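These notes are about the structure you will find just below.
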Amino acid sequence: MSFMRLFAHTLMRRILLASLGIALAACAQQPRQGAPAAVPATAQAQTPAPTAAAAPAAAAAAAAAAEAAAQAALPKQELTEEVLYEYLLAEVAGQRGALGLSAQAYADLARQTRDPRIARRAAEVALYARMPGAAIDAARIWYEAEPDSMSALQALTSLLIGAKRQDEALPYLQKMLERHSDGDGFLQLSRLLAGSQGKAQSLKLVQQLTQPYPKVAQAHFALAQAAVGAEDAGLALAEVRAASKLKPEWELPVLLEAQLLQRQSNAIALQRLAGFLERHPKSREVRLGYARLLVTEQKYTEARAEFQTLSKDFPDNADVVFAVGVLSLQLHDYKLADANFKRLLELPYRDRDTVRLYLGQIAEDQKDYPEALRWYDEVGGGDLYLRAQMRYALVLSKQGKLDAARAHLRQVEPGSAEGRVQLLLTEAQMLRDAKRPEEAFNLIGEALKNMPEQPELLYDYAMVAEKLGRMDLLESSLKKVIRLQPDHAHAYNALGYSLADRNLRLPEAQQLIEKALALAPEDPFIIDSMGWVLYRQGKLREALEYLRKAYSARPDPEIAAHLGEVLWVAGEHGEAEKIWLEANKKTPDNDALNSTIKRFKP
9 MSFMRLFAHT LMRRILLASL GIALAACAQQ PRQGAPAAVP ATAQAQTPAP
59 TAAAAPAAAA AAAAAAEAAA QAALPKQELT EEVLYEYLLA EVAGQRGALG
109 LSAQAYADLA RQTRDPRIAR RAAEVALYAR MPGAAIDAAR IWYEAEPDSM
159 SALQALTSLL IGAKRQDEAL PYLQKMLERH SDGDGFLQLS RLLAGSQGKA
209 QSLKLVQQLT QPYPKVAQAH FALAQAAVGA EDAGLALAEV RAASKLKPEW
259 ELPVLLEAQL LQRQSNAIAL QRLAGFLERH PKSREVRLGY ARLLVTEQKY
309 TEARAEFQTL SKDFPDNADV VFAVGVLSLQ LHDYKLADAN FKRLLELPYR
359 DRDTVRLYLG QIAEDQKDYP EALRWYDEVG GGDLYLRAQM RYALVLSKQG
409 KLDAARAHLR QVEPGSAEGR VQLLLTEAQM LRDAKRPEEA FNLIGEALKN
459 MPEQPELLYD YAMVAEKLGR MDLLESSLKK VIRLQPDHAH AYNALGYSLA
509 DRNLRLPEAQ QLIEKALALA PEDPFIIDSM GWVLYRQGKL REALEYLRKA
559 YSARPDPEIA AHLGEVLWVA GEHGEAEKIW LEANKKTPDN DALNSTIKRF
609 KP
């Protein structure tokens, strides 16, 4: 016996009687800091609450009966001096951070007593001490001592899988599945294997387990999930369809099938979800998946309709209300957006500052500037606070209070170098909007003296230089951005577009825009630039293909100006006028659009 163990044994004898009550009480306490979290317990059945008058007595009686039944099922364990000594040694060692000693003491005690309570605790401590072998041994004792415990079975199985001992886990997994006659054990199987790193081995294991259950939908679904993990899309699709055939009303296989179909085409996935909703219109999860996929496809009107259907069925679902608000704002339906965001503030929604920021944006877009300022002022701390303060200053600027706006920005504490850059760029933007580009140019130039390789400052410096006709600085600044950030798509695009707009070095301009398009193929402004450089080279039909695509994705006034010009030059005057008129109604003050219209229709 080691000195530590001998010393502990002598000490424990001295405090045995005094500690007896404390030790027994400690069994019922939660683990203290440094102690392991419990292995998941078996879920307790819930019974309907009795009437108010009978509740205390009935609850006490029920608790007493449950306690008696639980105690009767446990082994009659004599609290000997040796048992108490081992228990106290394990607990004290654990509380003092000697987890290895604590785990070993508990393991000895579990082997000695074969008591499921002690074995469970031994498994917990060993797991926390990162001794997986000891945890498995303890869990095995726990299961052998309490063979009807689903918690013991799940704990042992999970530990074996985590240790990559799938062959040993197989018989326990089979027992777990046998206990679930409804097939839901296969859903637990998927969760147990979720963290397994050997995906191919897990698939083989699931195939063995599911083979005896050809008529159980959950078995096919579990096999589909394992196939997804093993990157066998063909098997996954076949199995998930088999699950749907056996249980047509089940949502999970439909959602997984849609995810697999997205690899082929979003349109095919949407068709599958829509077909299910025709037969099961109250399916909440499938409708949510359908609506989100519509958003991915930028079908905002259709997506909002789906979320509105969900909001009728689930009026207190904050995520649905939020989605309707965001989509309504995207569609410029400010009334509905405002109503939904204000509704969110009445619900226990977690991110209330985001809601206030959106409400400020709605008011700002409608030129209700006092209301916008009120909402921005209510945004609390963190990143959203900085964004709100920048919006607050921009609103002041829109009211003609540029000096007050600049003063407001300069009293905001940014909290980081990145935040300081964002505040400075916001101030420069306000100066540009106020037709004071020279001051914006000087402001950014001064900042670059201290941060000469800050990409965002360099990019904005180039944009202001372009307004001032300083092509030398525009080109040098954008080339420096590209050197610092070779994947900066907008730097390539800005340089290429600037050259194309001036009819300069058109082959080089096209190469730059092609590089930008390769980095951001769906960006409508880069697509517009490609159309514009093709137009400058006289390739009208190719230019129209790109410009139509850009305008369809984003009906921006400058894109409308370009598309209209190319249509006009191509002889399609009626369509050109229609596009110009449509864009002019939405943005009557856009300089680029107005100057283009005047050139062709003076």
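Each number in our numbering comes from the position in the sequence shown (counting from 1) with 8 added on.
Glycine included, every Cβ here is placed at the ideal spot set by N, Cα and C.
Keep in mind that this is a model prediction, so the values were computed, not measured.
Buried/exposed call for residue i, threshold 16 Cβ in 10 Å
i: ILE149; result: buried
i: LEU599; result: The amino acid occupying residue 599 in the given sequence is Asp; Leu does not appear at that position. Exposed is the call here.
i: PRO261; result: buried
i: HIS498; result: buried
i: GLN518; result: buried
i: ILE2; result: Here the chain comprises residues numbered 9 to 610, so residue 2 is not present and cannot be evaluated.
i: GLN233; result: buried
i: PRO56; result: Because the pLDDT at PRO56 is just 37, under 50, the model does not fix this residue reliably, and the point stays unresolved.
i: PRO323; result: exposed
i: GLU426; result: exposed
i: GLN219; result: exposed
i: LEU668; result: Residue coverage of the chain in this structure runs from 9 to 610, which leaves residue 668 outside it and unanswerable.
i: ALA380; result: buried
i: ALA415; result: exposed
i: GLU314; result: buried
i: GLN419; result: exposed
i: ARG399; result: buried
i: ILE276; result: exposed
i: SER8; result: No statement about residue 8 is possible, as the shown extent of the chain runs from 9 to 610 and does not include it.
i: ALA26; result: Because the pLDDT at ALA26 is just 32, under 50, the model does not fix this residue reliably, and the value given afterwards should be weighed accordingly. By the 10 Å Cβ count, ALA26 comes out exposed.
i: ARG199; result: exposed
Boundaries (first-last residue) of the alpha helix (DSSP H) holding residue i
i: ALA111; result: 107–121
i: GLN162; result: 158–170
i: ILE479; result: Checking the displayed sequence, the identity of residue 479 turns out to be Met instead of Ile. It spans 479–492 - the alpha helix (DSSP H) in which MET479 sits, taken as one unbroken run.
i: GLN369; result: 360–373
i: MET538; result: 532–544
i: GLN397; result: 391–406
i: ARG556; result: 548–561
i: ASN611; result: A question about residue 611 goes unanswered here, because the residues of the chain that appear run from 9 up to 610.
i: HIS570; result: 565–577
i: TYR136; result: 124–136
i: ARG607; result: 599–608
i: GLY388; result: Counting along the chain, GLY388 falls outside any alpha helix (DSSP H), and DSSP gives it neither H nor E.
i: GLU259; result: 259–270
i: LYS350; result: 342–354
C-alpha gap between residue i and residue j, whole angstroms
i: LEU337; j: ALA502; result: 29 Å
i: ARG312; j: GLN407; result: 33 Å
i: PRO378; j: VAL403; result: 9 Å
i: ALA53; j: LEU181; result: Low confidence applies to ALA53: its pLDDT is 33, below 50, so where it sits in the model is not reliable, and the reading given next is rough at best. Each residue's Cα considered, the two are about 23 Å apart.
i: MET158; j: ARG271; result: 38 Å
i: SER485; j: TYR500; result: 11 Å
i: GLN306; j: PRO529; result: 15 Å
i: PRO565; j: ALA251; result: 50 Å
i: PHE449; j: VAL387; result: 31 Å
i: ALA558; j: TYR543; result: 14 Å
i: ALA396; j: ASP376; result: 16 Å
i: HIS288; j: GLY297; result: 14 Å
i: PHE194; j: ALA225; result: 9 Å
i: GLU247; j: GLU310; result: 31 Å
i: GLN209; j: GLY105; result: 37 Å
i: ASN511; j: HIS496; result: 23 Å
i: GLY191; j: LEU185; result: 7 Å
i: LYS290; j: GLN162; result: 34 Å
i: ILE521; j: PHE608; result: 27 Å
i: LYS183; j: TYR221; result: 14 Å
i: ASP509; j: GLU239; result: 48 Å
i: VAL303; j: PHE349; result: 19 Å
i: GLY283; j: LEU245; result: 17 Å
i: LYS255; j: LEU527; result: 44 Å
Rounded Cβ spacing between residue i and residue j (contact assumed at less than 8 Å)
i: VAL143; j: ALA134; result: The question names Val, but residue 143 in the sequence shown is Ala. Between ALA134 and ALA143 the Cβ distance is about 4 Å, and since that is below 8 Å, they are a contact.
i: LEU355; j: ALA326; result: 5 Å
i: LEU465; j: ILE452; result: 6 Å
i: TYR554; j: GLY539; result: 3 Å
i: LEU601; j: ALA569; result: 5 Å
i: SER506; j: GLU474; result: 6 Å
i: ALA266; j: LEU281; result: 5 Å
i: LEU117; j: TYR95; result: 6 Å
i: GLU293; j: GLU257; result: Not really, about 12 Å apart at Cβ, beyond 8 Å.
i: GLY333; j: LEU352; result: 7 Å
Note down, one range per segment and in chain order, each alpha helix (DSSP H) of at least 4 residues found wholly within the region 417–465.
425–441, 445–458
Continuous alpha helix (DSSP H) assignments of at least 4 residues falling wholly in the region 181–242:
193–201, 207–218, 225–237
Complete runs of the alpha helix (DSSP H) confined to the region 292–334 [at least 4 residues]
292–304, 308–321
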